[in-house]
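Some notes on the structure that comes next.
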Amino acid sequence: MKFIGNIPDNLRYTKEHEWVKLENDTAIIGITDYAQHALTDIVFVELPEKGKKVEQLKPLCIVESVKSVSDVFAPISGEVAEVNSELSEKPENINQDPYENGWIAKLKVVNNDELNNLMDSENYKKYLEGLKE
Amino acid sequence: MKLIFEISKKGRKAVQFPELDVPEQENLLPQDLLRGELELPEVSEVDIIRHYTALSRRNFGVDNGFYPLGSCTMKYNPKINEDSARLNGFAQLHPYTPENLSQGALQIMYELEQYLMEITGMDQFTLQPAAGSHGELTGMMIVKKYFEGINEKRSKILIPDSAHGTNPASVTLCGFESVEVKSNDKGEIDLEDLKSKLNKDVAAIMLTNPNTLGLFETQILEITKAMHQNGSLVYMDGANLNAMVGITKPGDFGIDILHVNLHKTFSTPHGGGGPGSGPVGVTKELSRFLPRPKIEFIDNKYKINYNMPDSIGRVRAFYGNFGILVRAYTYIRSNGFEGIRAVGENSVLNANYLLSKLKKHYHVPFNRICQHEFILTDKNLSNGVTTNDLAKRLLDFGVHAPTIYFPLIVHGAIMIEPTETESKETLDRFAEIMMKIKEESEKEPETVKAAPLATPVSKLDNVLAARKPVLKFEDKIIIPQ
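So the protein lines, in turn, are chains A and H. For the first sequence, the working numbering gives the first residue as 1099, with consecutive numbering after it. For the second sequence, the working numbering gives the first residue as 383, with consecutive numbering after it.
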C-alpha cells in the first residue's frame, strides 16, 4: 500500500512536496507528510539565511536524511523573514509533525497570485496517487 | 574493542629517541604560541601492533571477498601494480628531480596519456586531478575558460536526474547553475525534456554513460548533436567507463571533455585504499585550456612544458598522484589491447548473468540488457523488509553490501556491479545468498530486520549517529541518548 499521508485542506502544495500557508503577507512553509515519509529519518536541516530572497520553485534550503540529501524548493517567491531554528537541535520535528512544529521558514511574500500555480489538497492527493512508486 | 586512547598507560613508549647531540635552544617560539602537554596515547610497540592488526582483521575489502558496490567499480587491485609502484626508481623519486634525471617517470606519464587517449578517443589528457570529482571541477573550469575565450556568457549546466551527486556539486563550486534533465521510462535521458531546456544560457551537459542505472544512452549521438547545435559542450563523467573499454570510445560519440577514474576502471586502490586519480581528456579544440604543465616528447626527450598561456592553471601540486599513475600504467600494459577489451566485455557479461538469475526473484525497474551494473528494488521483499535490511543481512554472509538508495530516482534501489574480476562460482554464490534472503523475508523477516548478526558490531543506530555524531575522543565516551 502506498503511503499518502496527511494532507490538510487549508494548505497549497508543490509537485516537489512542499506545503505553504499564507497568513496576510507571510507564507509559512515546510515539507509534506508524504515527503518526510519518503525521506525517512531526517537528521539535519540546513536552514536558509534570514533576508535571503528566493523565487518560486527555486531551491530554498536543504534537508538531509539517513538516505539522501534533498533541496527544499520555495513554494512561493519572497524574502526569508524567520526560520524554525528549533530544527537545528530537533530535525525529527519534521518527521513527527511536518505541518506544525516541523515548519521550516516564513517568507515575506510579494505576489499572492503565485499561489494559483500550486495544487490544493484535493489535487495534491490526486497527484500523489498518480505517482509511480 | 578498546580505543587506542583507552589502552594508553602513562610513560609507555614505542620509540627511543637518540640523545640530543646539539645544544638545546630555549625560547625558539613565542610563549603564547606553545601548547601544553599533548593528550596522545602512550603505548608500547606490541600494543600498537596488536591494536591495529585487530582493527585490520575487522576490515572488509576486495581482498577479503565479493564487493558489488554499484557505480564504484570495486574491482580487484592486481598485486603486480604494487610491484611496479614500489620499484625504487619510482618510489624514491623526488618531484623536483630535473628532467634529464627523471626521463623514465616522464615517459610513464606521457605514455599513460597516450593509452588513455587511445582507449577513450579523446585528443589530449591531463593526469593532474586527484579524484573523479576533482576531474569534474577541472572539466567545468575548462568549460568556463572556453566560453570566456569566445566572449559568451553562459551560466547553466544540464544534469540528468540519475547523475552522481558530485556532478551538481562540481557545477555549483565552479559558479554555474545546474538544471535537471528528466529520465524517460527506459531509464535514459529524455531527449524532448533536454531539448526543451536548451537555450543560449546553457554552457554544457554533464552526463554519465553508461548512466547510473547501468544503461547505455542509446540516443547519445542525438544528444551530443543537439548540444553542439546549441553551441554547448558535452562533459562525460567516466565513472562507468569500465563497461565500454576496448569496445566504444566517448570521443567517437561527440564527447568534448571526459574524466576517467583510474581507481575504478584502471584497478588502482579505491576508497580507504586510495588516493584517487581522475585524469581529464579533451578534444583538440580544448587542449590549450588543460592544466599546466604538460609532459611533451620532443627531439627524443621528455620535457615538462610550462608554456601554456591559455591553461586554466595548476589543479594539483606537481603531476598528480604519481604512484597511482604507475599502477594504472601497469594495469593497461599487463592487459594489453585484447585484455582491455575483455575487461569491458566480461564486466558486462558478469552483470547480465547475475541480472538474469536475480530478476526472477527481485523487482527490476528497467527490464533490459544492462551494461556493467544493474538495479533491483525491494518491491518484492515481504513483511516490510527493506533495501537497508537486505544490505545489512548480506554482511552476515561475508559479502559487502551493494550501493543502496541510489540513484535517487528509483525507490528502494539496490545497485549491483560485480566487475569482470569475479568468477562464475562467486556470482552463483551471491545469487544464492540473495535468493535465501528473499526467502527469509517471507519466512523469518525478524532475522533480516535484526541483521547484521555475525559482524563484530551489531545493527548500528544510523539515525542517532547522524543526528548526534561523536567526532572526537574526550576522556571518556559519552553516548548521546
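Here a beta-carbon is modelled for each residue, glycine too, at the ideal position from N, C-alpha and C. Please read all numbers here as calculations on a predicted model, not as lab measurements.
{"Check": "Inter-stretch contact (C-beta, 8 angstroms, three-pair minimum) for the stretch 1214-1226 of chain A and the stretch 1100-1114 of chain A", "Outcome": "yes"}
{"Check": "8 angstroms Cβ cutoff, Y787 of chain H in contact with chain A", "Outcome": "yes"}
{"Check": "Proximity below 8 angstroms, CB of V1207 of chain A to CB of L1120 of chain A", "Outcome": "yes"}
{"Check": "First through last residue of the beta strand (DSSP E) which encompasses E562 of chain H", "Outcome": "559-563"}
{"Check": "Within-8 angstroms CB hit, P1196 of chain A to chain D", "Outcome": "Absent from the structure is chain D; the protein chains it does hold are A and H."}
{"Check": "CB contact below 8 angstroms: A832 of chain H versus chain A", "Outcome": "no"}
{"Check": "Run of the alpha helix (DSSP H) containing P827 of chain H, from where it starts to where it stops", "Outcome": "827-832"}
{"Check": "Contact set for L1213 of chain A: own chain, Cβ-Cβ below 8 angstroms, skip 5 residues either direction", "Outcome": "R1110, V1118, L1120, I1174"}
{"Check": "CB contact check: D1139 of chain A to chain H, cutoff 8 angstroms", "Outcome": "yes"}
{"Check": "8 angstroms Cβ cutoff, V1164 of chain A in contact with chain H", "Outcome": "yes"}
{"Check": "C-beta neighbour in chain H for P1106 of chain A, strict 8 angstroms", "Outcome": "no"}
{"Check": "Straight-line Cα distance separating A1172 of chain A from K577 of chain H", "Outcome": "26 angstroms"}
{"Check": "Where M523 of chain H sits in the DSSP three-state scheme", "Outcome": "helix"}
{"Check": "8 angstroms contact criterion, which P632 of chain H and T502 of chain H should meet: CB distance rounded", "Outcome": "5 angstroms"}
{"Check": "Minimum length 3: unbroken beta strand (DSSP E) runs contained in the stretch 690-761 of chain H", "Outcome": "756-758"}
{"Check": "8 angstroms Cβ cutoff, P1173 of chain A in contact with chain H", "Outcome": "no"}
{"Check": "Cutoff 8 angstroms: P1189 of chain A Cβ touching any chain H Cβ", "Outcome": "yes"}
{"Check": "Rounded straight-line distance, which links the Cα of H1135 of chain A to that of D619 of chain H", "Outcome": "32 angstroms"}
{"Check": "Residues of the stretch 823-855 of chain H with Cβ closer than 8 angstroms to any Cβ of chain A, in chain order", "Outcome": "N844, V845, A848, R849"}
{"Check": "Three-pair Cβ contact test at 8 angstroms for the stretch 560-572 of chain H versus the stretch 588-601 of chain H", "Outcome": "yes"}
{"Check": "Bridge-paired residues (DSSP) for A1181 of chain A", "Outcome": "At residue 1181 of chain A the sequence reads Val, which differs from the Ala that was named. DSSP output for V1181 of chain A lists A:A1203 as bridge partner(s)."}
{"Check": "Short Cβ contact (8 angstroms threshold) for I605 of chain H with I571 of chain H", "Outcome": "yes"}
{"Check": "Bounding residues of the alpha helix (DSSP H) (the contiguous stretch that carries D1169 of chain A)", "Outcome": "Where D1169 of chain A is concerned, there is no enclosing alpha helix (DSSP H), although the beta strand (DSSP E) it sits in stretches over 1167-1171."}
{"Check": "Boundaries (first-last residue) of the beta strand (DSSP E) holding A1125 of chain A", "Outcome": "1124-1129"}
{"Check": "Proximity below 8 angstroms, CB of V1164 of chain A to CB of D1139 of chain A", "Outcome": "yes"}
{"Check": "Under 7 angstroms from the C-beta of L790 of chain H: neighbouring residues of chain A", "Outcome": "S1166"}
{"Check": "Contact set for T508 of chain H: own chain, Cβ-Cβ below 6 angstroms, skip 5 residues either direction", "Outcome": "V662, L672, P673"}
{"Check": "Anticipated Cβ contact below 8 angstroms, L763 of chain H with S823 of chain H, distance rounded", "Outcome": "4 angstroms"}
{"Check": "Boundaries of the beta strand (DSSP E) in which G663 of chain H is found, first to last residue", "Outcome": "662-664"}
{"Check": "Alpha-carbon spacing of T712 of chain H relative to N1182 of chain A, whole angstroms", "Outcome": "56 angstroms"}
{"Check": "Where the beta strand (DSSP E) through K1223 of chain A begins and ends", "Outcome": "Here K1223 of chain A belongs to no beta strand (DSSP E); instead the alpha helix (DSSP H) covers 1219-1228."}
{"Check": "Under the three-state DSSP convention, the category V553 of chain H falls into", "Outcome": "helix"}
{"Check": "Extent of the continuous alpha helix (DSSP H) to which E493 of chain H belongs", "Outcome": "485-502"}
{"Check": "Start-to-end residues for the beta strand (DSSP E) that takes in T590 of chain H", "Outcome": "584-590"}
{"Check": "Rounded distance between the beta-carbons of D543 of chain H and L757 of chain H, thought under 8 angstroms", "Outcome": "Residue identity differs from the one stated: residue 757 of chain H is Ile in this sequence, not Leu. Actually they are not in contact, since the Cβ atoms of I757 of chain H and D543 of chain H sit about 14 angstroms apart, beyond 8 angstroms."}
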